[in-house]
Amino acid sequence: MDNLLISFEKKARRFKRPTSFLVVDDEQRARESLVKLLKRQWSDITEAEDGEEAISLIQQRQFNLVILDLNMPKKSGDQVLAFIRDKKINTTVIVLSGETSINKVTEAVRLGAYDIFKKPYSFDELEHSIRNALDKLHVEDEKAQIQNRLAHSERLHRYMVDNSPDLIYILNLAGEFSFVNDSVTKLLGYDKADMIGKHYSEFIADEDRLKAEYLFNERRRASRSNRTIELGLKCNTKDPTKPFDVTTCPIELNSMGIYAVDSKDPKKLSTYQGTYGVARDISSRKKAEKLITFQAYHDLLTKLPNRAMLHDRLDLAIRQAERSGETLIIMFLDLDRFKLINDSFGHVVGDQLLVEVAERLKAEIRTGDTLARLGGDEFMLLLPQPTSREQAEKVAQKLIASLQQPFYLKGKEVYINISIGISVFPVDSSDINTLIKNADMAMYDVKATGKNGYTFYDSKIEHAAAEKISIESGLRNALKNDELEIFYQPQIDVETRKIVGVEALLRWNHPQLGLRRPSYFMEQAEESRIIEQLSDWVLHRVASDLFGSQEFVNSQIRVSINLSATDIKQKDFPENLVSFTDVYGIEPGRLEIEITENMFMGDIQASTHKLQVLANKGISIAIDDFGTGYSSLNYLRELPVHTVKIDYSFISEIEHSKKGAALVAAIIGMAQGLGIQTIAEGVENTQQSDYLEGLGCHLMQGYLFGEPVKIGHFLESVTAQNSNVSSLSNA
Ligand code: C2E
Ligand code: MG
Ligand code: MG
Numbered sequence: 000m001d002n003l004l005i006s007f008e009k010k011a012r013r014f015k016r017p018t019s020f021l022v023v024d025d026e027q028r029a030r031e032s033l034v035k036l037l038k039r040q041w042s043d044i045t046e047a048e049d050g051e052e053a054i055s056l057i058q059q060r061q062f063n064l065v066i067l068d069l070n071m072p073k074k075s076g077d078q079v080l081a082f083i084r085d086k087k088i089n090t091t092v093i094v095l096s097g098e099t100s101i102n103k104v105t106e107a108v109r110l111g112a113y114d115i116f117k118k119p120y121s122f123d124e125l126e127h128s129i130r131n132a133l134d135k136l137h138v139e140d141e142k143a144q145i146q147n148r149l150a151h152s153e154r155l156h157r158y159m160v161d162n163s164p165d166l167i168y169i170l171n172l173a174g175e176f177s178f179v180n181d182s183v184t185k186l187l188g189y190d191k192a193d194m195i196g197k198h199y200s201e202f203i204a205d206e207d208r209l210k211a212e213y214l215f216n217e218r219r220r221a222s223r224s225n226r227t228i229e230l231g232l233k234c235n236t237k238d239p240t241k242p243f244d245v246t247t248c249p250i251e252l253n254s255m256g257i258y259a260v261d262s263k264d265p266k267k268l269s270t271y272q273g274t275y276g277v278a279r280d281i282s283s284r285k286k287a288e289k290l291i292t293f294q295a296y297h298d299l300l301t302k303l304p305n306r307a308m309l310h311d312r313l314d315l316a317i318r319q320a321e322r323s324g325e326t327l328i329i330m331f332l333d334l335d336r337f338k339l340i341n342d343s344f345g346h347v348v349g350d351q352l353l354v355e356v357a358e359r360l361k362a363e364i365r366t367g368d369t370l371a372r373l374g375g376d377e378f379m380l381l382l383p384q385p386t387s388r389e390q391a392e393k394v395a396q397k398l399i400a401s402l403q404q405p406f407y408l409k410g411k412e413v414y415i416n417i418s419i420g421i422s423v424f425p426v427d428s429s430d431i432n433t434l435i436k437n438a439d440m441a442m443y444d445v446k447a448t449g450k451n452g453y454t455f456y457d458s459k460i461e462h463a464a465a466e467k468i469s470i471e472s473g474l475r476n477a478l479k480n481d482e483l484e485i486f487y488q489p490q491i492d493v494e495t496r497k498i499v500g501v502e503a504l505l506r507w508n509h510p511q512l513g514l515r516r517p518s519y520f521m522e523q524a525e526e527s528r529i530i531e532q533l534s535d536w537v538l539h540r541v542a543s544d545l546f547g548s549q550e551f552v553n554s555q556i557r558v559s560i561n562l563s564a565t566d567i568k569q570k571d572f573p574e575n576l577v578s579f580t581d582v583y584g585i586e587p588g589r590l591e592i593e594i595t596e597n598m599f600m601g602d603i604q605a606s607t608h609k610l611q612v613l614a615n616k617g618i619s620i621a622i623d624d625f626g627t628g629y630s631s632l633n634y635l636r637e638l639p640v641h642t643v644k645i646d647y648s649f650i651s652e653i654e655h656s657k658k659g660a661a662l663v664a665a666i667i668g669m670a671q672g673l674g675i676q677t678i679a680e681g682v683e684n685t686q687q688s689d690y691l692e693g694l695g696c697h698l699m700q701g702y703l704f705g706e707p708v709k710i711g712h713f714l715e716s717v718t719a720q721n722s723n724v725s726s727l728s729n730a
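Numbering (numbering that gives the first Met the number 0), first residue to last: 0 to 730.
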């Protein structure tokens with residue numbers, strides 16, 4: 000831009016030219032006296048004594064004024080005039096001539112002479128004519144300057160227009176482009192020539208045609224104020240259309256300055272001539288807006304609609320269903336044991352699982368249905384089209400089946416189930432929040448009664464859900480109010496008929512409901528993390544109950560304590576347990592911890608390390624409920640497992656199914672092969688105990704040998720056993 004201004008300044012200076020004369024006359028005296036007179040006022044005066052010399056000088060330099068004699072040797076004045084005219088030399092010629100013939104004079108004028116004086120002439124008159132000629136020259140100079148300035152200004156504006164980041168255009172009366180700036184190529188990918196003469200509508204995105212028509216037509220009638228509207232313009236690039244803010248203002252005569260102002264009728268100026276406008280590319284703004292809207296209505300992890308969008312859709316669906324009298328189905332979906340996966344594999348893998356679960360669920364639903372993620376492992380499905388209960392059941396079954404195949408996370412096979420609660424509009428409620436709450440409650444009922452299934456809401460469920468909520472606060476009070484108790488169940492070696500171990504089982508003396516077993520409160524305890532305090536309480540109570548008794552200390556009975564996933568996830572878990580045995584003076588060999596397979600899922604290395612610390616100290620590790628978890632058998636090789644507890648569900652099958660019996664045999668055989676001890680849990684009859692004994696599993700626990708009992712009762716058995724042993728040894 001600076002360069003442009005400098006070049007303009009230079010050009011402007013060139014026009015302030017000094018006056019230069021060429022005096023041509025073969026009569027020396029006449030020439031000299033004229034030069035003398037001229038020199039009084041002007042300094043730049045050159046002389047020539049004939050036409051030939053004059054032509055040669057004119058070729059060499061520029062003269063503003065040539066004062067020319069006609070009759071001269073070599074080349075005449077006419078010839079000089081003809082030369083000047085033919086060569087289009089920019090100079091003014093005043094002729095001085097002795098000739099009087101009209102022909103000569105006419106010829107000189109025809110050849111371009113500015114004025115003619117007949118010799119002898121009055122110098123005053125000549126001077127007057129010279130001044131007129133110079134004035135004329137001056138006016139021409141100024142005109143040239145103005146034109147130059149205009150040209151420069153035009154270049155400047157063109158530069159600004161063409162280098163504008165916006166598309167600048169002019170439409171003629173017919174709505175065709177009569178001008179577009181250079182930016183059009185960069186913005187839309189067209190050549191200017193592609194657009195000139197074409198109607199604007201060819202370049203407007205189809206869906207915005209009406210809007211554009213309104214904009215451009217309205218401009219013709221309405222006021223002159225600018226107006227901005229968003230339009231999509233068709234592109235000749237990889238994006239089919241781009242959003243633009245299109246501003247238009249009608250062009251009127253005065254703004255263009257095409258016609259002179261009509262002073263009598265100034266209204267004439269407002270005749271519509273076309274439209275001038277600017278279109279600004281707002282793609283990035285639109286993209287940002289889109290992202291913000293997306294974020295406001297979607298879950299960023301799974302890209303599913305979020306709670307806000309679900310509420311919108313649900314609200315709409317309810318209003319439609321109210322009008323049409325149709326039913327509406329809402330499903331609350333929650334993954335089973337997701338927390339365990341998150342804790343075991345870490346949040347990154349947990350997130351990946353959620354994304355894959357969302358994809359599988361989405362594949363099962365129809366286009367009009369809304370599957371939303373409410374947060375964590377909670378999803379919600381809205382079926383807005385009329386759906387019967389039977390159809391809803393089919394959808395729920397399909398969703399459950401879709402998660403049946405394993406997921407592969409960090410190269411490991413992971414299984415996850417889902418529990419679904421269903422509520423129906425308007426049967427269960429006609430209020431959004433109540434419908435969601437009811438579906439949620441139904442889902443909790445599924446979880447409480449075994450997980451991986453679906454159920455419809457009914458009022459009984461509400462009662463159960465309320466109970467769950469009260470469990471959490473009840474548990475906190477239970478700790479404070481000393482409502483907890485441990486029951487002890489003996490583990491027998493059937494070969495010696497002696498108690499070799501005892502399992503500590505937690506009970507809650509509920510103030511209203513009486514004695515409650517862990518199945519009543521354990522899930523709430525884990526979810527609310529009250530379990531950490533419970534485990535701590537159990538350890539200390541067991542230590543004082545058993546190791547406070549000399550009878551027990553004297554026996555060789557080992558005590559088994561159940562721990563939860565939360566316990567072993569704690570960083571200092573092994574160190575704390577070891578220091579616990581130190582504080583109570585418990586011989587580590589008398590302590591066994593029971594953990595389930597699911598607890599070290601995904602995090603086998605960390606678990607191995609922790610359990611190894613305990614094993615090194617002499618504390619035994621038992622796998623509880625063996626065979627019911629998800630983990631691969633690999634861990635049996637890696638972990639320092641001492642005991643496998645065959646789950647009650649397998650034992651109860653022994654006398655009912657061949658397969659069940661075979662499975663028990665297989666577990667025992669495998670454990671024996673690995674040098675791991677087995678205990679059968681839940682042995683209730685001799686058929687079972689005989690079968691187990693036959694397979695070489697002689698450690699058993701179950702009602703057949705003794706139900707879980709209070710400490711006093713248990714210690715009586717210990718005393719009895721001790722005295723039997725001592726009486727035997729005395730004998
Ligand atoms: P578990 O460790 O597998 O305990 C064995 C369960 O089987 C006990 O249930 C016991 O009462 C029951 N049982 C024993 N013999 C028989 C039998 O012959 N037939 C039948 N049908 N059942 C029998 P309980 O006491 O209700 O405990 C349930 C589960 O709660 C336990 O399963 C254990 O995983 C957990 N649990 C118990 N106490 C604690 C504790 O202090 N901390 C933790 N984290 N979990 C505990
Ligand atoms: Mg146990
Ligand atoms: Mg068990």
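Just so it is clear, CB atoms sit at the ideal spot from N, CA and C, and this is done for glycine as well.
Worksheet item: Does at least one heavy atom of ligand 1 sit under 6 Å from the Cβ of aspartate 481?
Response: Within the sequence shown, numbered from 1, the residue matching residue 481 stands at position 482. No, the beta carbon of aspartate 481 sits no closer than 6 Å to any heavy atom of ligand 1.
Worksheet item: Sorry if obvious, but does the Cβ on glutamate 654 come closer than 6 Å to a heavy atom of ligand 2?
Response: Your numbering for residue 654 matches position 655 in the sequence shown. Outside the cutoff, so no.
Item to complete: From the DSSP output, in three-state form, read off isoleucine 281 for me.
Response: In the sequence shown, counting from the first residue as 1, residue 281 sits at position 282. Coil at isoleucine 281, not helix or strand.
Worksheet entry | Integer-rounded CB distance, given that aspartate 244 should sit under 8 Å from threonine 227 | Within the sequence shown, residue 227 is the residue found at index 228, counting from 1. Within the sequence shown, residue 244 is the residue found at index 245, counting from 1. Rounded to the nearest angstrom, the Cβ distance from threonine 227 to aspartate 244 is 5 Å, consistent with a contact under 8 Å.
Discussion item. What would DSSP say about alanine 371, mapped onto helix, strand or coil?
Written reply: The sequence position of residue 371 within the sequence shown is 372, counting from 1. In this structure, alanine 371 counts as strand in the three-state DSSP scheme.
Worksheet item: Are the CB atoms of glycine 617 and glycine 584 nearer to each other than 7 Å?
Response: Taking the first residue of the sequence shown as position 1, residue 617 is located at position 618. Taking the first residue of the sequence shown as position 1, residue 584 is located at position 585. No.
Item to complete: Quick one: give me the first and last residue of the alpha helix (DSSP H) that arginine 318 is part of.
Response: Locating residue 318 in the sequence shown gives position 319, where the first residue counts as 1. 306–323 is the extent of the alpha helix (DSSP H) around arginine 318.
Worksheet item: Apart from the five residues just before and just after asparagine 723, which ones in its own chain have a Cβ nearer than 6 Å to its Cβ?
Response: Position 724 of the sequence shown holds residue 723. Once the five neighbours on either side are set aside, asparagine 723 has no close Cβ partner at all.
Worksheet entry | Terminal residues of the beta strand (DSSP E) in which tyrosine 168 lies | Sequence index remark: in the sequence shown, residue 168 carries index 169 (1-based). Counting along the chain, the beta strand (DSSP E) containing tyrosine 168 begins and ends at 166–171.
Item to complete: Sort out for me which residues DSSP pairs methionine 330 with in a bridge.
Response: Sequence index remark: in the sequence shown, residue 330 carries index 331 (1-based). Partner(s): Leu380, Ile421.
Item to complete: Say yes only if the C-beta of asparagine 561 is nearer than 6 Å to one or more non-hydrogen atoms of ligand 2, and no if none qualify.
Response: Mapped onto the sequence shown, residue 561 falls at position 562. Flag set: Cβ of asparagine 561 near ligand 2.
Item to complete: With DSSP collapsed to three states, give me the class of arginine 506.
Response: Numbered from 1 along the sequence shown, position 507 holds the residue referred to as residue 506. Looking at arginine 506 - three-state DSSP - the assignment turns out to be strand.
Worksheet item: Helix, strand or coil: which one does DSSP assign to histidine 712?
Response: Reading the sequence shown from its first residue, position 713 is the one you call residue 712. Reduced to three states, the DSSP call for histidine 712 is helix.
Worksheet item: So glycine 276 and tyrosine 453 are in contact, right, with Cβ under 8 Å, and what is the actual spacing, rounded?
Response: Position 277 of the sequence shown, counting from 1, holds the residue named residue 276. Position 454 of the sequence shown, counting from 1, holds the residue named residue 453. Contact doesn't hold; Cβ gap of about 60 Å is too wide.
Discussion item. Given this structure, state the Cα-to-Cα distance separating valine 179 from threonine 240, to the nearest angstrom.
Written reply: Your numbering for residue 179 matches position 180 in the sequence shown. Your numbering for residue 240 matches position 241 in the sequence shown. Looking at the two C-alpha atoms, the distance is approximately 18 Å.
Worksheet item: In whole angstroms, what separates the C-alpha of leucine 635 from that of asparagine 561?
Response: Sequence index remark: in the sequence shown, residue 635 carries index 636 (1-based). Sequence index remark: in the sequence shown, residue 561 carries index 562 (1-based). The straight-line gap from Cα to Cα measures roughly 19 Å.
Fill in: Beta-bridge partners of methionine 699, as assigned by DSSP
The residue labelled residue 699 in the question sits at position 700 within the sequence shown. Beta-bridge pairing links methionine 699 to Ile491, Ala679.
Discussion item. Spatial neighbours of glycine 188 within its chain, please: C-beta separation below 7 Å, excluding the five flanking residues on both sides.
Written reply: Taking the sequence shown and counting its residues from 1, one reaches residue 188 at position 189. Excluding positions up to five away in sequence, the list reads Cys234, Asn235, Thr236.
Worksheet entry | With 16 other Cβ atoms within 10 Å as the buried cut-off, status of leucine 514 | Locating residue 514 in the sequence shown gives position 515, where the first residue counts as 1. Residue environment analysis places leucine 514 among the exposed positions, since fewer than 16 neighbouring C-beta atoms fall within 10 angstroms of its C-beta.
Discussion item. Can you determine whether any heavy atom of ligand 1 sits closer than 6 Å to the C-beta of aspartate 544, and answer yes or no?
Written reply: Here residue 544 corresponds to residue number 545 of the sequence shown, with the count starting at 1. Answer for aspartate 544: no, Cβ out of range of ligand 1.
Worksheet entry | Proximity of glutamine 27 and glycine 50 at Cβ, strictly below 7 Å | Working through the sequence shown from its first residue, we reach residue 27 at position 28. Working through the sequence shown from its first residue, we reach residue 50 at position 51. Not in contact: glutamine 27 and glycine 50 (Cβ atoms no closer than 7 Å).
Fill in: Given 8 Å, three or more beta-carbon pairs between the region 284–300 and the region 360–368
These segments do not touch.
Discussion item. Report the start-end ranges of each beta strand (DSSP E) in the region 80–130 that is 3 residues or longer and not cut off at the edges.
Written reply: 91–96, 114–117
Worksheet item: Can you tell which of Gly375, Ser619, Leu334 has the C-alpha that lies nearest to the C-alpha of leucine 398?
Response: On the sequence shown, residue 398 is found 399 positions in, with the first residue counted as 1. The shortest Cα separation from leucine 398 among Gly375, Ser619, Leu334 belongs to Leu334.
Worksheet item: Is phenylalanine 455 helix, strand or coil by DSSP?
Response: Position 456 of the sequence shown, counting from 1, holds the residue named residue 455. Reduced to three states, the DSSP call for phenylalanine 455 is strand.
Worksheet entry | Close Cβ partners of glutamate 325 (< 7 Å) along its chain, the five nearest in sequence each way excluded | Position 326 of the sequence shown, counting from 1, holds the residue named residue 325. For glutamate 325, where only same-chain residues beyond five positions count, the Cβ hits under 7 Å are Pro385.
Worksheet item: Does ligand 2 have a heavy atom nearer than 6 Å to the CB of glutamate 591?
Response: Here residue 591 is taken as the residue at index 592 of the sequence shown, counted from 1. No.
Discussion item. Quick check: the region 328–346 against the region 372–383, are at least 3 beta-carbon pairs closer than 8 Å?
Written reply: yes
Discussion item. Does the region 455–472 come into contact with the region 672–690, if we say contact requires no fewer than three beta-carbon pairs (one atom in each stretch) closer than 8 Å?
Written reply: Touching, no, given that fewer than three Cβ pairs across the two stretches are closer than 8 Å.
Worksheet entry | Residue of Ser688, Asp161, Ala391, Lys86 minimising C-alpha distance to aspartate 181 | As a first step, residue 181 must be located in the sequence shown, where it is residue number 182. Of the candidates Ser688, Asp161, Ala391, Lys86, the one whose C-alpha sits nearest the C-alpha of aspartate 181 is Asp161.
Worksheet item: Mind checking threonine 495: buried by the 16 CB within 10 Å criterion, or exposed?
Response: For this step, residue 495 is matched to residue 496 along the sequence shown. Threonine 495 comes out exposed.
Fill in: Closest Cα partner of serine 282 within the set Leu186, His310, Leu315, Arg306
On the sequence shown, residue 282 is found 283 positions in, with the first residue counted as 1. Residue Leu186 is the option with its Cα nearest to serine 282.
Worksheet item: To which residues does DSSP link isoleucine 498 through a beta bridge?
Response: The residue you call residue 498 lines up with position 499 of the sequence shown. DSSP lists Ile491 as partners of isoleucine 498.
Worksheet item: Per DSSP, what kind of secondary structure is histidine 151 in: helix, strand or coil?
Response: Position 152 of the sequence shown, counting from 1, holds the residue named residue 151. Helix.
Fill in: Cβ shell of asparagine 437 (< 7 Å), same chain only, five flanking positions each side left out
Stepping through the sequence shown from its first residue, residue 437 is reached at position 438. Excluding residues within five positions, the ones whose Cβ falls inside 7 Å are Ser422, Asp427, Ser428, Tyr456.
Discussion item. What ranges does the beta strand (DSSP E) occupy inside the region 510–546, keeping only unbroken runs of at least 3 residues that lie completely in it?
Written reply: Within the region 510–546, the runs of beta strand (DSSP E) at least 3 residues long that lie entirely inside it are, in chain order, 513–515.
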